[in-house]
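Asks:
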Amino acid sequence: MPLFFTQTLAILQKDLKTEWRTRERLSAMAFFAFLIVIIFNFIYEPGSPIIKTVAPGIFWIATAFAGLLGLSRSFAIEKQNDCLMGLRLTPADPGAIFLGKMLGNTLTMLILQALILPILVIFLNLQIAQALPHLILPILLGTLGLATIGTLFSAMSLNTRLREAFLPLLTLPIFIPALLAAIESFRAVLEGSEITDWLVLSSAFVALYIAACLLLFEYVLED
Amino acid sequence: MNTAIDIQNTTRRFGHITALQDINLTVPTGCIFTLFGPNGAGKTTLLRLIATLSKPSSGDIWISGIDTRRNPHEIRKNIGYISHQTMLYDDLTARENLAFYGRMYGLQNLNTRIEKVLLTVGLKNRQRDRIHKYSRGMKQRLAIARAILHHPSILLLDEPFTGLDTSAQSTLSNIITTLKAEGRTIFLVTHDLARGLALADRFGILFQGQLVHEASAKDFSESDLQTLYENKTTR
Amino acid sequence: MHQKPYILPFIFGILALICLTIAPYLVFMYAGIEKEMGLAQKIFYYHVPSAFSMFLGSFLCFIFSIFYLWKRDKNCDLWAACSAEVSLLFGTLVLITGAIWAKPIWGAWWVWDAQLTLTLILWLILAAYHMLHTYLEDAVQSARFRAVLGIIGFLNVPFIHYATKLWRTHHPEVVRGEEISLPPDMKIVFFFCVITFFALFFALLFKRVSLAKAQNELESLKAEI
Numbered sequence: 011m012p013l014f015f016t017q018t019l020a021i022l023q024k025d026l027k028t029e030w031r032t033r034e035r036l037s038a039m040a041f042f043a044f045l046i047v048i049i050f051n052f053i054y055e056p057g058s059p060i061i062k063t064v065a066p067g068i069f070w071i072a073t074a075f076a077g078l079l080g081l082s083r084s085f086a087i088e089k090q091n092d093c094l095m096g097l098r099l100t101p102a103d104p105g106a107i108f109l110g111k112m113l114g115n116t117l118t119m120l121i122l123q124a125l126i127l128p129i130l131v132i133f134l135n136l137q138i139a140q141a142l143p144h145l146i147l148p149i150l151l152g153t154l155g156l157a158t159i160g161t162l163f164s165a166m167s168l169n170t171r172l173r174e175a176f177l178p179l180l181t182l183p184i185f186i187p188a189l190l191a192a193i194e195s196f197r198a199v200l201e202g203s204e205i206t207d208w209l210v211l212s213s214a215f216v217a218l219y220i221a222a223c224l225l226l227f228e229y230v231l232e233d
Numbered sequence: 029m030n031t032a033i034d035i036q037n038t039t040r041r042f043g044h045i046t047a048l049q050d051i052n053l054t055v056p057t058g059c060i061f062t063l064f065g066p067n068g069a070g071k072t073t074l075l076r077l078i079a080t081l082s083k084p085s086s087g088d089i090w091i092s093g094i095d096t097r098r099n100p101h102e103i104r105k106n107i108g109y110i111s112h113q114t115m116l117y118d119d120l121t122a123r124e125n126l127a128f129y130g131r132m133y134g135l136q137n138l139n140t141r142i143e144k145v146l147l148t149v150g151l152k153n154r155q156r157d158r159i160h161k162y163s164r165g166m167k168q169r170l171a172i173a174r175a176i177l178h179h180p181s182i183l184l185l186d187e188p189f190t191g192l193d194t195s196a197q198s199t200l201s202n203i204i205t206t207l208k209a210e211g212r213t214i215f216l217v218t219h220d221l222a223r224g225l226a227l228a229d230r231f232g233i234l235f236q237g238q239l240v241h242e243a244s245a246k247d248f249s250e251s252d253l254q255t256l257y258e259n260k261t262t263r
Numbered sequence: 004m005h006q007k008p009y010i011l012p013f014i015f016g017i018l019a020l021i022c023l024t025i026a027p028y029l030v031f032m033y034a035g036i037e038k039e040m041g042l043a044q045k046i047f048y049y050h051v052p053s054a055f056s057m058f059l060g061s062f063l064c065f066i067f068s069i070f071y072l073w074k075r076d077k078n079c080d081l082w083a084a085c086s087a088e089v090s091l092l093f094g095t096l097v098l099i100t101g102a103i104w105a106k107p108i109w110g111a112w113w114v115w116d117a118q119l120t121l122t123l124i125l126w127l128i129l130a131a132y133h134m135l136h137t138y139l140e141d142a143v144q145s146a147r148f149r150a151v152l153g154i155i156g157f158l159n160v161p162f163i164h165y166a167t168k169l170w171r172t173h174h175p176e177v178v179r180g181e182e183i184s185l186p187p188d189m190k191i192v193f194f195f196c197v198i199t200f201f202a203l204f205f206a207l208l209f210k211r212v213s214l215a216k217a218q219n220e221l222e223s224l225k226a227e228i
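The listed protein sequences derive, respectively, from chains R, Y and D. Just so you know, the working numbering puts the end of the first sequence at 233, numbered straight through with nothing missing. Just so you know, the working numbering puts the end of the second sequence at 263, numbered straight through with nothing missing. Just so you know, the working numbering puts the end of the third sequence at 228, numbered straight through with nothing missing.
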């Protein structure tokens, strides 16, 4: 296996292992996402039919906000004991570090979403059983998009004042097109309409930004 | 004699502040070089330049004959770095930490290598413990294991004695002497004059970004160094 | 040594001043009144050129950001930051004039028109870019991060464009401004206004850059003392 992928995999496994051992990040994210779903519910009349049309939005707002909470911790782990310096001392490709971190964040957020969906089903009385297989691809693409930009900016916000406050300010504006695609395709799947256009948009988004981040990550790590 | 570290006319600026000014220094292979200096003299900045973590604003640094600007990746394979920060993950075990770094370096026969370095630093029986349970001294020993895992020919030590108790300090001194016996070059940064001098073959004093003194450590007593250090670091 | 940076803003400043004096005359006296929208359509001559200037600024920021990462020339960073700042200013103009236009035509200050939404999102990115500057302490690092954001942000424009377009076509209930083909008199005035706004854009940009350079010089003099 080429060294690039060995390094990517090493980072990914390391992150998942630490996450699994502490479960700090994921439990905070899941609780926050749960709160968002509950609070959004109060905006509407109980049992109002409008809930069904806004459910995809609630799902993605919960994912994005709770995801950002987790993303802000992503590089904070590397800051402890100055591990980031240890990583930079190795001949590792900055792109491999980025990719490993990004995939770790994607997986964490996918687990988070697997927890949010049942909450939506229960509290908003959403029926998604038949639509579920068609939901997987748009959700995956949207999550990859969020993880890509979020990982880049998470590394950037590490050295700023107001670290946690800063990440959403950078990530959300850039994420808007992919977020729009994610919400709209979720809704379209529920309504049974066509989502090809949105999938094209989000795959292009993911592909371009992964490529850009692989190239640019070097400049973010540099000192 | 071969040159391990060759620093030529190197200046490093941060914005409008000059951290290092016109440094010229060569360290021969297999030598222990100790750099003294007060806080903020630019010692860590110099180490980071040698480790290719940052680039000089002007001047050149050659490590074992390789230009740091041209081929930093090649140099990183040859450098071990120990600072007072461990650069280790608290939630992983000692073994997992080393395995992780070993894969980042792309090492072959990783398991046997890990066994060997764990033996060197005397942590073999605790290798399966998560290191947040470790004492400061044990963590520092594991940090040494991390730094020598990939057989670096040059070791950079940034205040390695800070925060260690006396017994851990002498353990560390012993390890450093052993590493020198293996033919490695060691660049030590400290403000512990006694310990730094005892280990050194050569030493230098850095003050306000300039190398104000450089000499052989042979026939140099601690009190001589004390006087010299005070003379050189006051203005 | 300061000859050049002071002369360019002067030339463009004079040009912008002259054009800005002539423009209202052309807009209100020369160009005809649009049949459907009436006088409200006049703001189009300021709204659209402002948008052009905004995109020009973001594009310049993108180009200078790439050059900064490539050449590590401090001036490239300076130009990128200044372009983004002037671009943010014109973006604000676009949003304000858009709201003024929308009120009489559609009866609301803000309709989620695709073009305006694109402007709004780009404006948000530019604002984030501007804030990044204030949150970072290390000058060199902040320049690098800014350049990364400048590139990432501009790459987003086609995605926002496509996404807002798709989004609006999926929700056709809001009235959309149909494509207008301009009669010749309006076209001339429009092009004149575009030139006017580009002159204003460059005047502000050059002025901002020379100001930033002076600021830098002051900082390094302060550091010397």
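We treat Cβ as the ideally placed atom computed from N, Cα and C, and that holds for glycine.
#1: Give me, in chain order, the residues of the same chain whose beta-carbon lies closer than 6 Å to that of F93 (chain D); leave out the 5 immediate sequence neighbours on both sides.
#2: Per DSSP, what are the beta-bridge partners of R41 (chain Y) in this structure?
#3: For K111 (chain R) and D25 (chain R), which I take to be in contact (beta-carbon distance under 8 Å), what is that distance rounded to the nearest angstrom?
#4: To the nearest whole angstrom, what separates the beta carbons of G35 (chain D) and P186 (chain D), a pair I think is in contact under 8 Å?
#5: In the DSSP output, which residue or residues are listed as bridge partners for W90 (chain Y)?
#6: Closest Cβ-Cβ distance between S223 (chain D) and chain Y: below 7 Å?
#7: Measuring straight from C-alpha to C-alpha, what distance separates L253 (chain Y) and N106 (chain Y)?
#8: Using a Cβ cut-off of 8 Å, pull out every chain Y residue sitting near F17 (chain R), in sequence order please.
#9: Less than 8 Å between the CB atoms is what I'm expecting for R83 (chain R) and R35 (chain R), so what's the real figure, rounded?
#10: Please report whether the beta-carbon of K24 (chain R) lies at a distance below 7 Å from any beta-carbon of chain Y.
#11: Under a CB-based cut-off of 7 Å, is L162 (chain R) close to chain Y?
#12: Tell me which residue opens and which closes the alpha helix (DSSP H) that D252 (chain Y) is part of.
#13: Any residues in the segment 152-172 of chain D with a beta carbon nearer than 8 Å to a beta carbon of chain R? Which ones, in chain order?
#14: Does the distance from the C-beta atom of L29 (chain D) to that of F195 (chain D) stay below 7 Å?
#15: So is W208 (chain R) buried or exposed if we call it buried at 16+ other beta carbons inside 10 Å?
#16: Quick one: measure Cβ to Cβ for L227 (chain Y) and I204 (chain Y), integer angstroms, because I've assumed they're closer than 8 Å.
#17: Quick one: list the residues of chain R neighbouring L116 (chain Y), beta-carbon separation under 8 Å, in chain order.
#18: Is it right to say A226 (chain D) is buried, meaning 16 or more other beta carbons lie within 10 angstroms of its own, or is it exposed?
#19: Could you work out which residues of chain D lie near F44 (chain R), taking near to mean beta carbons separated by less than 9 Å?
#20: Residues of chain B with CB under 7 Å from I124 (chain D), in chain order?
#21: From the DSSP secondary-structure annotation, give me the bridge partner or partners of P56 (chain Y).
#22: Taking the alpha-carbon positions, what's the F196 (chain R) to L156 (chain R) distance?
#23: Under a three-way DSSP split, which group does V217 (chain Y) fall into?
#24: Looking at the strands, I want to know which residues DSSP matches up with H241 (chain Y).
#25: Let's see if you can read the secondary structure: which residues bound the beta strand (DSSP E) around Y109 (chain Y)?
#26: Based on the DSSP secondary-structure assignment, which residues constitute the bridge partners of L184 (chain Y)?
#27: Between the segment 189-201 of chain Y and the segment 162-171 of chain Y, are three or more C-beta pairs nearer than 8 Å?
#28: With 16 as the cutoff for other CB atoms within 10 Å, does H160 (chain Y) come out buried or exposed?
#29: Between which two residues does the alpha helix (DSSP H) containing D25 (chain R) stretch?
#30: Any beta carbon of chain R sitting closer than 7 Å to that of R179 (chain D)?
#31: If I measure Cβ to Cβ from L208 (chain D) and keep anything under 7 Å in the same chain, skipping five residues before and after, which residues do I get?
#32: Measure the alpha-carbon distance for I172 (chain Y) versus I110 (chain Y) and round it to whole angstroms.
#33: If I measure Cβ to Cβ from H136 (chain D) and keep anything under 8 Å in the same chain, skipping five residues before and after, which residues do I get?
#34: Quick one: give me the first and last residue of the alpha helix (DSSP H) that F52 (chain R) is part of.
#35: Contact defined as beta carbons within less than 8 Å: I believe L211 (chain R) pairs with A141 (chain R). What is the distance between those atoms, to the nearest angstrom?
#36: Count the other CB atoms, across all protein chains shown, that sit within 10 Å of the CB of P56 (chain R); report buried if there are 16 or more and exposed otherwise.
Replies: Checking against the coordinates, here is how it stands:
#1: S53, S56, M57
#2: Y:T46
#3: 7 Å
#4: 7 Å
#5: Y:D34, Y:D95
#6: yes
#7: 32 Å
#8: Checking the displayed sequence, the identity of residue 17 (chain R) turns out to be Gln instead of Phe. Ordered by position in chain Y, the residues that pass the 8 Å Cβ test against Q17 (chain R) are R131, M132, G134.
#9: 5 Å
#10: yes
#11: no
#12: 250-260
#13: L152, I154, I155, G156, L158, N159, F162, I163, Y165, A166, T167, L169, W170
#14: yes
#15: buried
#16: 6 Å
#17: N91, C93, G96
#18: exposed
#19: Correct list: empty, because the minimum Cβ distance to chain D is about 28 Å.
#20: Among the protein chains of the structure shown, namely R, Y and D, there is no chain B.
#21: Y:T31
#22: 16 Å
#23: strand
#24: Y:I233
#25: 107-110
#26: Y:Y109, Y:F215
#27: yes
#28: exposed
#29: 13-32
#30: At R179 (chain D) the pLDDT is 42, less than 50, meaning the model places this residue with poor confidence; the figure from the coordinates comes in the next sentence. Output row for R179 (chain D): interface = no.
#31: C85, S86, V89
#32: 6 Å
#33: A84, S145, R149
#34: Neither: F52 (chain R) is in no alpha helix (DSSP H) and is coded neither H nor E.
#35: Actually they do not touch by this definition, with Cβ atoms about 20 Å apart.
#36: exposed
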